[in-house]
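*Asks:* Numbering of the sequence shown is given in this note's numbering, commencing with residue 712 and proceeding in unit increments.
Glycine included, C-beta positions come from ideal geometry on N, C-alpha and C.
Everything numeric in this text was worked out from a predicted model, so none of it was measured.
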Amino acid sequence: MLAGGGRLLSSNLKGFTLAEVLVTLGIIGVVSAMTVPSLMQNYQRQSYVTQLHKVYNELSQASIKYMTDNNAINLREAGLNSVDASVDFIKENFKIVQDCGTDAVPCFADSYKKLSGLSVTANDHERYFVLANGASIATTFRSQKTYGDMVLDIFVDSNGKKGPNILGRDFFIMYVYNNGVIDDINFEEKADGDGLDITVVPLSSDYRERMFTTYCKGNTNHRRGCFGKILNDNWQMNY
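#1: Considering only DSSP beta bridges, list what Lys824 is partnered with.
#2: Rounded to whole angstroms, what's the CA-CA distance from Asp835 to Phe923? Just pull it up for me.
#3: Following the continuous alpha helix (DSSP H) through Ala789, name the residue where it begins and the one where it ends.
#4: How about Val841 and Val808: do their beta carbons lie closer than 9 Å?
#5: I'd like the span of the beta strand (DSSP E) that includes Leu942, first residue to last.
#6: For Met778, which beta-bridge partners are listed by DSSP?
#7: DSSP on Glu769, reduced to helix/strand/coil?
#8: Take the Cβ of Thr728 as the centre, count every other Cβ of all protein chains shown within 10 Å, and call the residue buried at 16 or more, exposed below.
#9: Going by CA-CA distance only, name the one from Arg787, Leu826, Lys872, Met861 that's closest to Cys811.
#10: Determine the DSSP secondary structure at Gly859, reduced to helix, strand or coil.
#11: My output table needs one value for Trp946: the three-state DSSP class, helix, strand or coil.
#12: Can you check DSSP and say which residues form a bridge with Arg838?
#13: Name the residue from Asn897, Ser869, Asn792, Met861 whose alpha carbon lies nearest to the alpha carbon of Gln757.
#14: Any chance the segment 821-832 sits against the segment 849-864, with 3 or more Cβ pairs inside 8 Å?
#15: Assign Gln762 to one of two classes, buried (16 or more other C-beta atoms within 10 Å of its C-beta) or exposed (fewer than that).
#16: Along the chain, where does the alpha helix (DSSP H) containing Phe800 start, and where does it finish?
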């Protein structure tokens with residue numbers, strides 16, 4: 712049959728049958744069920760890392776500013792040499808919305824676990840804070856005699872008290888060194904047995920990987936090793 716414009720219209724054109732539509736929708740549903748949870752999980756993990764990176768950047772900038780303002784070549788010379796000084800350092804350089812003092816629970820969750828499911832604690836630091844960006848941090852000052860170039864260790868719960876509260880997911884520990892470098896910890900004992908050999912930062916990629924496998928993923932009560940893995944993988948959570 713010819714249309715008004717002279718074009719031949721086929722009388723055999725057919726649409727999709729109801730069965731074909733249902734089969735197609737079923738396939739889409741199966742694919743979505745397989746991929747959407749993974750995409751959501753990856754998105755959630757990266758949101759934890761993004762928030763952790765914000766704390767890291769603020770801490771790095773604060774360390775540089777602290778040394779510059781005090782015309783010093785390192786943090787101890789600048790005055791970061793006591794618990795009180797470390798508290799002042801945090802309060803002066805971060806937007807604090809809640810100061811929990813020495814009590815962990817108002818700022819941190821009641822309990823935390825490792826990737827292995829083993830319980831770990833977050834209540835053994837000196838001071839606890841909630842930042843304006845939603846993260847919670849805990850600080851402990853480290854003396855030069857015992858910890859060498861390490862000045863502070865910092866607990867970070869990247870989304871505050873909200874779950875999952877798992878070490879290596881939303882909960883990390885990072886270490887601030889005298890030269891302002893922020894890294895994981897060198898957990899090797901000194902040859903003379905006098906404390907830890909914390910002198911070489913940044914740590915090597917191989918050492919961070921060993922720390923991650925042994926302590927972050929391992930079934931031990933140690934809480935270190937997760938942050939170094941994030942640094943190794945260029946701020947991606949690939950585990």
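*Replies:* If we stick to the structure as given:
#1: Ser830, Ile877
#2: 22 Å
#3: 786-789
#4: yes
#5: Not the beta strand (DSSP E): Leu942 falls in the alpha helix (DSSP H), residues 937-943.
#6: For Met778, which the question treats as bridged, DSSP gives no partner whatsoever.
#7: helix
#8: exposed
#9: Lys872
#10: coil
#11: coil
#12: Thr850
#13: Ser869
#14: no
#15: buried
#16: 794-804
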